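Residue numbers (our numbering): 25 to 665.
Virtual Cβ for every residue (Gly too), placed ideally from N, Cα, C.
These figures come from a predicted structure and were not determined experimentally.
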């Protein structure tokens with residue numbers, strides 16, 4: 025049997041209107057219609073048979089009526105199993121109900137109605153049923169006459185009560201004020217513009233803006249992503265902020281909410297889209313009279329006509345991947361609202377670089393969203409999964425999200441080429457194996473040292489809870505790998521730091537050796553220069569000494585008859601220089617004689633013993649007789665200071 029026909033039969037039998045939930049239940053039973061219905065309508069002592077299913081399909085009635093009629097229409101051979109459908113024991117359901125800082129436990133049978141719960145709460149909370157709104161149902165708002173069994177609830181449930189027409193009591197406000205700023209209550213007066221109605225709601229200071237918007241969504245039936253607000257202060261820029269930190273007025277603040285208008289659809293297009301609907305119970309007769317059920321399959325599953333979408337998600341054969349992603353993001357926002365994951369604008373290679381090749385602490389998982397407009401699951405997956413606040417927040421914090429539209433064969437071929445280039449042929453072959461009705465797909469890719477690995481492929485037939493669970497499972501694997509990468513990176517950086525320090529120490533050592541060597545070379549060069557200067561000076565002095573020695577007059581003889589002066593000169597070393605001079609000889613000759621022996625007058629002074637006189641200070645033109653160095657005298661040399 026065709027899967028779309030099985031899905032239609034399953035919804036007709038069980039009364040489950042949520043397509044995603046119905047597909048999930050069928051997937052769990054491998055699309056076995058009888059097994060799936062038995063899972064939804066559990067039997068205590070019997071199993072629903074195929075002829076029971078056929079009867080339910082033909083009647084197209086609600087589950088309670090179906091079970092009743094089966095008692096009288098089942099064949100005798102199977103009467104007993106069919107009767108067990110209605111004779112099974114009632115389940116006990118537990119409800120935890122929150123109301124203005126109070127928590128109430130309610131336990132009753134699943135055969136009870138929503139109104140029964142409200143009656144119990146009226147006694148417990150002292151709130152009239154007429155002013156009580158019971159929220160938190162997974163299937164949306166329900167009426168007081170709704171039987172709990174028809175909601176397919178788990179054993180434990182959480183609900184909350186809203187009383188927008190009842191202002192908080194003075195005692196409540198006073199006790200809240202005494203608890204300090206962290207436990208204050210804010211009274212939000214919210215005007216619903218379209219309904220022209222005001223709601224006076226009391227919220228604790230710890231309540232987040234996002235939670236307030238969700239509660240208003242329950243009151244006004246305006247999804248959070250379609251809400252347009254006036255009155256929030258500029259400081260309230262993040263929906264995760266609490267009321268205490270948002271900057272709103274205390275104790276009362278006024279806000280206005282309305283549905284955000286969508287510029288994408290004109291009036292005519294809106295009229296066309298309103299023709300797309302699910303076949304309700306009241307239309308059962310028309311549904312039976314229609315040939316082959318008389319309704320186009322796309323209308324049965326809420327797909328609508330192609331006129332509701334004037335442009336594809338992504339243009340065909342776009343040259344630039346960034347431009348294609350910009351078009352995809354704009355079209356996604358037009359169809360499903362602005363509350364969606366932040367799609368990376370750029371090529372798949374750039375997205376991979378952003379996710380995998382930074383520092384280990386900054387790396388993220390890569391989520392590749394593959395859209396296909398021809399799949400029956402696309403609208404449900406996008407509107408209920410990809411636009412869910414929890415999914416959007418989790419993807420934004422932990423993933424780089426990249427998207428592509430594979431509706432057109434050219435775009436699909438291009439995607440397969442990109443995947444083969446970046447992730448290998450195995451990933452491309454995996455994408456090829458998925459059929460159109462299994463799209464959209466969400467591939468979770470993790471970067472590794474040598475290659476990239478696809479951790480998970482999430483198909484379109486999933487629920488928000490399952491999607492979140494699989495995303496968190498991928499994050500656990502990624503976090504474990506990331507910790508290893510961070511450890512390896514830290515160890516590598518530590519080794520590199522040690523190596524850099526060693527290299528720097530070696531460089532400084534070489535620099536010190538170089539400077540030491542240069543200093544030694546300069547010192548040696550200076551010594552050589554000083555030695556050369558010393559030798560030059562010695563040679564110069566020796567030349568002067570020799571010239572003076574050669575210029576000295578010969579030593580006179582005593583037999584010459586001229587007056588002779590005998591001079592005895594003691595040197596600093598203790599030796600004596602002795603020589604005879606003519607009495608008429610000038611002092612300069614005496615000075616030249618002393619200099620020729622290595623004691624120049626500019627370095628040494630010539631002194632008499634007694635009385636002590638400095639001969640070098642006397643005019644050198646005087647004769648020895650005039651200087652009283654006649655006929656003999658003992659002198660000594662002393663170095664000048």
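* Would you give the residue range spanned by the alpha helix (DSSP H) that residue 29 belongs to? => Per DSSP, residue 29 belongs to the alpha helix (DSSP H) from 27-38.
| Burial state of residue 388 (16 or more Cβ within 10 Å) | buried
Mapping the DSSP letters down to three states, classify residue 658 as helix, strand or coil. strand
Checklist entry - Taking the C-alpha atoms as reference points, what is the distance between residue 339 and residue 351? => result 8 Å
- Given a cut-off of 9 Å, decide if residue 145 and residue 170 are closer than it, judged by their beta-carbon atoms. no
Quiz item: Which residue comes first and which comes last in the alpha helix (DSSP H) that contains residue 166?
Solution: No alpha helix (DSSP H) contains residue 166, which DSSP labels as neither H nor E.
Problem set entry | Where residue 321 falls: helix, strand or coil (DSSP) | Below a pLDDT of 50, predicted positions are generally treated as unreliable, and residue 321, at 41, falls in that range; the measurement from the model is reported next regardless. Looking at residue 321 - three-state DSSP - the assignment turns out to be helix.
(Q) Rounding to the nearest angstrom, what Cα-Cα distance links residue 53 and residue 513 in this structure? (A) 46 Å
Please confirm whether residue 544 and residue 592 have their CB atoms less than 9 Å apart. No, these two residues do not count as a Cβ contact at 9 Å.
By how many angstroms is the C-alpha of residue 345 removed from the C-alpha of residue 373? 10 Å
**Item:** Neighbourhood of residue 265 by C-beta, 6 Å cutoff - its chain only, sequence neighbours within 5 removed
**Value:** 233
Determine contact between the stretch 208-216 and the stretch 169-186, defined as no fewer than three beta-carbon pairs at a distance below 8 Å.
no
- Message: The beta strand (DSSP E) that contains residue 357, what's its start and end?
- Response: Residue 357 -> not in any beta strand (DSSP E); alpha helix (DSSP H) instead, spanning 345-360.
Exercise. In the DSSP assignment, what residue or residues form a beta bridge with residue 600?
Worked result: 594
Going straight from the alpha carbon of residue 139 to that of residue 187, what length do you get? Each residue's Cα considered, the two are about 16 Å apart.
Bounding residues of the beta strand (DSSP E) (the contiguous stretch that carries residue 470):
465-471
- Message: If you measure between the beta carbons of residue 460 and residue 399, is that distance less than 9 Å?
- Response: The beta carbons of residue 460 and residue 399 sit closer together than 9 Å.
message = So if DSSP puts residue 610 in a beta bridge, which residue, or which two residues, is it bridged to?
response = 647
### Message
I need the DSSP call for residue 120, collapsed to helix, strand or coil.
### Response
strand
Quick test of your reading: residue 336 and residue 429, contact by CB under 8 Å. State the CB separation rounded to the nearest angstrom. 7 Å
Residue 340 (DSSP reduced to helix, strand or coil):
coil
**Item:** For residue 405 and residue 328, the rounded distance between their alpha carbons
**Value:** Only weak support is given to the placement of residue 328: the predicted model assigns it a pLDDT of 40, under 50, and the question is left unresolved by the model.
Note to self: Starting from residue 283, trace the beta strand (DSSP E) in both directions and tell me its first and last residue.
What the structure shows: 276-283
Hey, residue 588 and residue 604 are a contact pair by Cβ (cut 8 Å); roughly how many whole angstroms apart?
-> 5 Å
query: How should residue 634 be labelled, buried or exposed, when 16 other C-beta atoms within 10 angstroms of its C-beta is the threshold for buried?
result: exposed
Check: So who's on the other strand from residue 481, going by DSSP bridges?
Finding: 467
* DSSP on residue 216, reduced to helix/strand/coil? -> The answer is strand: DSSP assigns residue 216 an E or B state.
Query - Cβ separation of residue 639 and residue 632, assumed to be a contact under 8 Å, to the nearest whole Å - result: With 8 Å as the limit, residue 639 and residue 632 qualify as a contact, their Cβ atoms being about 7 Å apart.
Determine the closest residue to residue 152 out of 116, 122, 379, 189, with distance taken between C-alpha atoms.
-> 189
**Prompt:** Per DSSP, what kind of secondary structure is residue 130 in: helix, strand or coil?
**Reply:** Residue state for residue 130 is assigned as strand, using DSSP reduced to three classes.
*asked:* Nearest by alpha-carbon distance to residue 260: which of 244, 242, 247, 279 is it?
replied: The option with the nearest alpha carbon to residue 260 is 279.
From which residue to which residue does the alpha helix (DSSP H) around residue 62 run? 57-64
Original post:
What's the call for residue 240, buried or exposed, on a 16-neighbour Cβ count within 10 Å?
Top reply: buried
* Asked: What is the DSSP secondary structure of residue 159, counted as helix, strand or coil?
  -> strand
DSSP state of residue 414 mapped onto helix, strand, coil:
helix
- [ ] Answer with buried or exposed for residue 484, where buried requires no fewer than 16 other C-beta atoms within 10 angstroms of its C-beta.
- [x] buried
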